[in-house]
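In the working numbering, the protein residues as written are 2 to 90.
Here it is as structure tokens:
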């Protein structure tokens, strides 16, 4: 049976009830670390932007959401630059 982006097969060394997953494609080395770094930094930026928006923009009017999105952008941009620097070394 085929599930998602890989094929489920029974492993020779595993128990018969546990199938082995063989992916059809593979991400380049280090991409998983960059994705994890981006998600962590984006979340931290959203939290910081949300807190700053709640403190600075008490009236609302979309400014709180804008500061949260700006924080997410700062976090994502920071992780992109850091990952790009690491990949170039």
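Note that the Cβ used here is the ideal one computed from N, Cα and C, for glycine as well.
Could you check the C-alpha separation between residue i and residue j for me, to the nearest Å?
i: residue 31; j: residue 21; result: 23 Å
i: residue 72; j: residue 24; result: 35 Å
For residue i, which residues from the same chain have a beta carbon less than 6 Å from its beta carbon, with the 5 sequence-adjacent residues on both sides left out?
i: residue 81; result: none
i: residue 35; result: 84
If you reduce the DSSP assignment to three classes, tell me which class residue i lands in.
i: residue 22; result: strand
i: residue 60; result: coil
i: residue 76; result: helix
i: residue 31; result: coil
i: residue 85; result: helix
Just confirm the distance between the C-beta atoms of residue i and residue j, as a whole number of angstroms; I'd bet it's less than 8 Å.
i: residue 78; j: residue 68; result: Between residue 68 and residue 78 the Cβ distance is about 15 Å, and since that is not below 8 Å, they are no contact.
i: residue 39; j: residue 75; result: Actually they do not touch by this definition, with Cβ atoms about 12 Å apart.
Smallest Cα separation from residue i: which of the options?
i: residue 43; options: 70, 63, 52; result: 70
If I measure Cβ to Cβ from residue i and keep anything under 8 Å in the same chain, skipping five residues before and after, which residues do I get?
i: residue 65; result: 51, 54, 55, 58
i: residue 48; result: 72
i: residue 63; result: none
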